[in-house]
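Asker:
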Amino acid sequence: MLSIVVAYARNGVIGYHGQLPWRLPSDLRHFRELTLGGTVLMGRRTFESLPAAQRPLRERRNLVISANPDFDAAGAEVHTSLAAALQACERRCFVIGGSSVYAQVIGLAERVYATEIQDEPPGDTFFPALASSEWHCVQESAPQRENEHAFIFRTYERAH
Numbered sequence: 017m018l019s020i021v022v023a024y025a026r027n028g029v030i031g032y033h034g035q036l037p038w039r040l041p042s043d044l045r046h047f048r049e050l051t052l053g054g055t056v057l058m059g060r061r062t063f064e065s066l067p068a069a070q071r072p073l074r075e076r077r078n079l080v081i082s083a084n085p086d087f088d089a090a091g092a093e094v095h096t097s098l099a100a101a102l103q104a105c106e107r108r109c110f111v112i113g114g115s116s117v118y119a120q121v122i123g124l125a126e127r128v129y130a131t132e133i134q135d136e137p138p139g140d141t142f143f144p145a146l147a148s149s150e151w152h153c154v155q156e157s158a159p160q161r162e163n164e165h166a167f168i169f170r171t172y173e174r175a176h
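Residue numbers (my numbering): 17 to 176.
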């Protein structure tokens, strides 16, 4: 199953200058629990934005999309197109960014694991809006608060 894992703010922001605009350790734990043992698929800039000590993400197969076939993503597999990366995906494939990859797979994914941050930080990278006619919330956590950010974990499934 092709799933998206994303944390986004009310204004759709997912990043600012190559960084997350918030620090939410419980979101990182949630991300790890979801993706552990699966395949994570990401763009080159997302891979490069991971802390060096975390690259590649441990206990997961890491697929990186880069137009440059010589891009060195030590410990990860590099694919020169989304189509090639998707062919390499296994049954549990999680798309983890960035915005251009999200935009390309939003029409293909069956599930979205979203951390919805109840804030509107400045940003330069955005997640496409989930159309209510195409996506239904099937699970929702209680509201949470951490490091002055309120957020909710939601799982969406594609409407059939």
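No residue lacks a Cβ here, since even glycine has one placed at the ideal position from N, Cα and C.
Bear in mind that the values here come from a model prediction, so they are computed numbers and not experimental data.
1. Starting from the C-beta of GLY54, find all residues in its chain whose C-beta is less than 8 Å away, skip the five residues before and the five after it, and write them out in chain order.
2. Return the CA-CA distance between ARG61 and THR141, expressed in angstroms with no decimal places.
3. Going straight from the alpha carbon of LEU66 to that of GLN35, what length do you get?
4. State buried or exposed for ALA23, treating a residue as buried only when at least 16 other CB atoms are found within 10 Å of its CB.
5. According to DSSP, is ARG174 part of a helix, a strand, or is it coil?
6. Are the Cβ atoms of SER19 and TYR118 separated by less than 8 Å?
7. Going by DSSP, which residues form a beta bridge with ARG60?
8. Classify VAL154 as buried or exposed, calling it buried when 16 or more other Cβ atoms lie within 10 Å of its own Cβ.
9. Might you give, ordered along the chain, the residues of its own chain that have their beta carbon closer than 6 Å to the beta carbon of ILE112, omitting 5 neighbours on each side?
10. Identify the residues that DSSP records as bridge partners of PHE167: which are they?
11. According to DSSP, which residues form a beta bridge with GLU93?
12. Judging by CA-CA distance, which residue of ALA100, ARG45, GLY28, PRO144 is the nearest neighbour of SER82?
13. Leaving aside the five residues before and after THR143 along the sequence, list all residues of the same chain whose C-beta is less than 6 Å from its C-beta, in chain order.
14. What are the complete alpha helix (DSSP H) segments, minimum 4 residues, inside the segment 23-75?
15. Please give me, in chain order, every unbroken run of the alpha helix (DSSP H) with length at least 4 that falls completely inside the segment 101-149.
16. Are the CB atoms of GLU132 and ILE168 nearer to each other than 8 Å?
Answerer: Reading off the structure:
1. If we look at GLY54 and ignore the five residues flanking it on each side, its Cβ neighbours are ARG76, ARG77, GLU106, ARG108, CYS109, PHE110.
2. For ARG61 and THR141, the distance between alpha carbons rounds to 11 Å.
3. So the two alpha carbons sit approximately 9 Å from each other.
4. Classification of ALA23: buried, given that the 10 Å Cβ count is 16 or more.
5. In the structure shown, ARG174 sits in a strand (DSSP, three-state: E or B).
6. Taking C-beta atoms as the reference points, SER19 and TYR118 fail to come closer than 8 Å.
7. DSSP output for ARG60 lists no bridge partner at all.
8. Exposed is the call here.
9. Residues of the same chain with a CB within less than 6 Å of the CB of ILE112, apart from the 5 flanking positions on each side, are VAL21, VAL56, MET58 in chain order.
10. According to DSSP, PHE167 bridges with ILE133, GLN160.
11. According to DSSP, GLU93 bridges with LEU79.
12. ALA100 is the residue among ALA100, ARG45, GLY28, PRO144 whose C-alpha sits nearest the C-alpha of SER82.
13. The residue asked about is misnamed: residue 143 is Phe in this sequence, not Thr. Same-chain partners within the cutoff: VAL22, TYR24, GLY28, ILE30, TYR118.
14. The qualifying runs are 41-51, 60-65.
15. Counting only runs of 4 or more, we get 115-121.
16. Closer than 8 Å, so yes.
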